[in-house]
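For reference, the structure discussed in these notes is given below.
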Amino acid sequence: MRYQKPINIHTLLQDSPLAKMMQKGVRLNELNQQMKAFFPAEFAGLYRIANIEQQSLRIEVANAMVRQSFLFRQQALLSVIQQHLPEITELIFYINPEFRPES
Numbered sequence: 139m140r141y142q143k144p145i146n147i148h149t150l151l152q153d154s155p156l157a158k159m160m161q162k163g164v165r166l167n168e169l170n171q172q173m174k175a176f177f178p179a180e181f182a183g184l185y186r187i188a189n190i191e192q193q194s195l196r197i198e199v200a201n202a203m204v205r206q207s208f209l210f211r212q213q214a215l216l217s218v219i220q221q222h223l224p225e226i227t228e229l230i231f232y233i234n235p236e237f238r239p240e241s
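If you read the sequence shown in our numbering, its first letter stands for residue 139, the second for the next number, and so on.
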């Protein structure tokens, strides 16, 4: 076994891939909470922000009815979201058959 230089645990936890994944998860969770105010109340629990990429927001929905409704309102939703996240230029809605609506 080789001798390895000691590493500060704080630095390790901040810079590790796991820490970055956790930070992204926390950010997505906060974003989901913020977006509840912008999305129609009748669809509460039937969608979630799945990922935020360079200029797009990927939104996972429970079924085709919810997706279609969001597609009809896409421009209005995008303009409201851009007031808080100006870097977002596209909303991507996709159906996840495994999605379990919140109760």
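We treat Cβ as the ideally placed atom computed from N, Cα and C, and that holds for glycine.
Residue i (DSSP reduced to helix, strand or coil)
i: leucine 184; result: coil
i: glutamate 168; result: helix
i: serine 207; result: helix
i: leucine 229; result: strand
Backbone CA spacing between residue i and residue j [nearest angstrom]
i: leucine 229; j: tyrosine 185; result: 13 Å
i: lysine 162; j: leucine 169; result: 10 Å
i: isoleucine 233; j: arginine 140; result: 49 Å
i: valine 218; j: phenylalanine 176; result: 7 Å
i: proline 224; j: methionine 173; result: 14 Å
i: isoleucine 226; j: methionine 159; result: 21 Å
Rounded Cβ spacing between residue i and residue j (contact assumed at less than 8 Å)
i: phenylalanine 208; j: leucine 215; result: 7 Å
Residue i, buried or exposed, once every other Cβ within 10 Å from all chains shown has been counted against 16
i: leucine 195; result: buried
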